[in-house]
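Here our numbering is used: the first residue of the sequence shown is 67, the next is one more, and so on.
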Amino acid sequence: MVGTLSMEVLSDAGYSAELVTDSRMAMSVIKERKPRLVLLDILMPGLDGLTLCHMIKTDPVTSRTKVAVVSAKSFKSEMERAKSFGADMFIKKPYDLKEFPKQVRVLCGPPAGEGKAKKNVLKVRAWGGREKTSTPCLSIEALGRLFILDAGKGVQALGAEFLKQGTYKEAWLLISHFHEDHVSGLGALPFLREESFHLHVIGPSEPDKKITLLLREAMQKSMGSDPRPIKAKIQVHEVREESYELVSGVRVAPFYANHPTTTLGYVLELGGRRIVYCPDTELYGEAATALQDYDEKIGRLVRSADLLIHDARYTDADYAQHKDEGHSSVTSAAQFAADNEVRNLLLIHADPSYPDSFLPTMEADAKKVMEGKGAQIPCSVVRDGLSLEV
């Protein structure tokens with residue numbers, strides 16, 4: 067679908083883009099979102115593009131919005147009609163993928179985060195060790211806000227440290243799935259006992275259980291070390307494969323991961339930076355077939371990400387014994403990162419049977435694979451206390 071392709075191309079260029087599939091709803095969305103630019107086709111189901119263009123340009127609320135018509139109906143007369151109805155630009159389909167973002171830039175200027183990206187430093191830190199019943203969780207500090215990725219036992223130290231600092235009164239917790247090792251510290255999260263704290267919990271439901279029930283069960287099971295009552299304000303958000311705006315400048319796009327149970331990965335867009343978090347998933351790699359398009363699908367989300375946090379549970383030798391269990395090898399994760407030209411790579415979920423002294427070997431193996439593909443990508447295996455700035 068051309069609309070989806072256009073959105074992906076613009077997202078890769080740093081723009082925040084949203085696809086509206088029902089043209090009859092477009093005006094209400096445009097008035098609410100107030101975009102700098104609207105891209106539309108002439109031939110659209112429901113409301114044709116030139117009528118929509120005329121509506122945008124004649125409505126006082128939206129008249130200053132730039133409009134580009136992107137269409138294969140490129141007769142000279144249609145191009146003139148588009149101009150007469152207020153179109154600011156006409157782009158012929160099929161368009162050039164490299165030129166398209168440049169044409170958009172002419173109309174609406176650079177992406178909102180451009181020029182500020184270097185100042186918008188993202189601080190990432192890992193909390194907690196690698197245990198059978200607990201994987202490390204990650205904190206991300208960006209745009210003056212706190213985001214938490216999963217809730218292994220390390221989340222208790224995370225919460226204690228940030229409460230001590232007194233910097234945040236609100237946080238967003240993104241849960242990939244409800245296997246025990248990813249929520250084993252949830253009930254002991256210190257934020258929960260602070261009446262003035264506001265915690266947003268984002269995650270999936272199961273076919274037979276809503277996220278609210280899954281969350282309640284996980285909390286009750288993990289409250290043993292801190293049985294005090296919960297006082298914080300908690301908002302629970304069930305999400306699917308859609309794009310959501312959390313706050314201004316922050317969007318999250320969940321995607322389903324290749325792992326047992328309903329499991330999500332997340333694409334986080336933070337002030338012009340893009341972080342992809344996929345802690346539990348199995349890549350098909352060279353074994354992929356035309357009927358296994360998972361790697362290709364996720365690759366489109368990952369491509370050129372500022373930071374990829376990806377499952378790399380096993381060495382190649384051990385992976386052969388654990389194939390089809392929902393985890394990836396170091397080699398497949400490194401190849402995936404190189405093929406999709408990510409800028410930084412964190413390998414997460416290393417098997418707890420590996421001692422910490424073995425983790426540098428896993429890092430070296432990953433770097434060797436990427437260098438073999440001509441990629442120089444900073445890479446680390448996640449362990450307690452690891453931190454980096456993006």
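All C-beta atoms, glycine included, are put in the ideal place defined by N, C-alpha and C.
Note that this is a predicted model, so its numbers are computed, not measured.
Specify the secondary structure class of residue i as computed by DSSP and reduced to three states.
{"i": "H266", "result": "strand"}
{"i": "Q301", "result": "strand"}
{"i": "R317", "result": "strand"}
{"i": "R99", "result": "helix"}
{"i": "L105", "result": "strand"}
{"i": "S453", "result": "strand"}
{"i": "A356", "result": "Only weak support is given to the placement of A356: the predicted model assigns it a pLDDT of 49, under 50, and the question is left unresolved by the model."}
{"i": "V447", "result": "strand"}
{"i": "L224", "result": "helix"}
{"i": "R339", "result": "strand"}
{"i": "R294", "result": "coil"}
{"i": "Q387", "result": "coil"}
{"i": "F244", "result": "coil"}
{"i": "R369", "result": "coil"}
{"i": "M289", "result": "coil"}
{"i": "T70", "result": "helix"}
{"i": "G218", "result": "coil"}
{"i": "D54", "result": "A query on residue 54 cannot be resolved here, the shown segment of the chain reaching from 67 to 456 and no further."}
{"i": "G457", "result": "The displayed coordinates of the chain run from 67 to 456. Any statement about residue 457 would go beyond what the structure contains."}
{"i": "Q442", "result": "coil"}
{"i": "D78", "result": "helix"}
{"i": "D382", "result": "helix"}
{"i": "V86", "result": "coil"}
{"i": "S250", "result": "coil"}
{"i": "P326", "result": "coil"}
{"i": "E283", "result": "helix"}
{"i": "L258", "result": "helix"}
Kindly give me the distance between the Cβ atoms of residue i and residue j, rounded to whole angstroms, as I take these residues to be in contact under 8 Å.
{"i": "K139", "j": "I96", "result": "Not really, about 22 Å apart at Cβ, beyond 8 Å."}
{"i": "A323", "j": "D346", "result": "6 Å"}
{"i": "A399", "j": "A432", "result": "7 Å"}
{"i": "V368", "j": "T381", "result": "Not confirmed; about 22 Å, so no contact."}
{"i": "G152", "j": "C119", "result": "6 Å"}
{"i": "E260", "j": "K230", "result": "With 8 Å as the limit, E260 and K230 do not qualify as a contact, their Cβ atoms being about 12 Å apart."}
{"i": "G26", "j": "R147", "result": "Any property of residue 26 remains undetermined from this structure, which presents the chain solely from 67 to 456."}
{"i": "F402", "j": "L330", "result": "With 8 Å as the limit, F402 and L330 do not qualify as a contact, their Cβ atoms being about 18 Å apart."}
{"i": "K201", "j": "H243", "result": "The displayed chain sequence assigns Thr, not Lys, to residue 201. No, T201 and H243 are not in contact; Cβ-Cβ is about 11 Å, not under 8 Å."}
{"i": "V135", "j": "G115", "result": "6 Å"}
{"i": "S404", "j": "R379", "result": "Per the sequence presented here, residue 404 reads as Ala, with Ser not at that position. Between R379 and A404 the Cβ distance is about 19 Å, and since that is not below 8 Å, they are no contact."}
{"i": "Q286", "j": "G251", "result": "The Cβ separation is near 13 Å, so there is no contact."}
{"i": "V302", "j": "T278", "result": "5 Å"}
Can you tell me which residues form a DSSP beta bridge with residue i?
{"i": "K331", "result": "Note on identity: in this sequence residue 331 is Gly, with Lys being the wrong assignment. G331 is bridged to F321."}
{"i": "P213", "result": "Pro is not the amino acid found at residue 213; the sequence shown has Phe there. Answer is I206 and W238, bridged to F213."}
{"i": "K275", "result": "E272"}
{"i": "C344", "result": "H376"}
{"i": "Y310", "result": "V318"}
Does the beta carbon of residue i fall short of 7 Å from some heavy atom of the ligand FMN?
{"i": "A432", "result": "Among the components of this structure there are no ligands whatsoever, and the ligand FMN is therefore not found."}
Comparing the C-beta of residue i with each C-beta of chain C, is any distance below 8 Å?
{"i": "L452", "result": "Among the chains in the structure shown there is no chain C, since it carries only a single protein chain."}
Which parts of the region 125 to 201 are runs of the beta strand (DSSP E), unbroken and 3 residues or longer, counting only runs that do not cross its ends? 132 to 137, 155 to 158 and 189 to 193
Across the region 329 to 349 and the region 250 to 263, are there enough close Cβ pairs to call them in contact, namely three or more that are closer than 8 Å? no
So, does the region 445 to 456 touch the region 190 to 206, judging by three or more C-beta pairs under 8 Å? yes
Residue ranges of each alpha helix (DSSP H) within the region 392 to 438, 4 or longer: 396 to 405 and 425 to 438
Contact between the region 308 to 327 and the region 215 to 224: three or more CB pairs below 8 Å? no
Just checking, does the region 205 to 212 make contact with the region 234 to 243 on the three C-beta pairs under 8 Å criterion? yes
If you pair each beta-carbon of the region 434 to 441 with each one of the region 402 to 411, do three or more pairs fall below 8 Å? yes
Per the contact definition of three or more C-beta pairs closer than 8 Å, is the region 223 to 237 in contact with the region 262 to 269? yes
Below 8 Å, how does it come out for the region 74 to 89 and the region 165 to 172: are there three or more Cβ pairs, yes or no? yes
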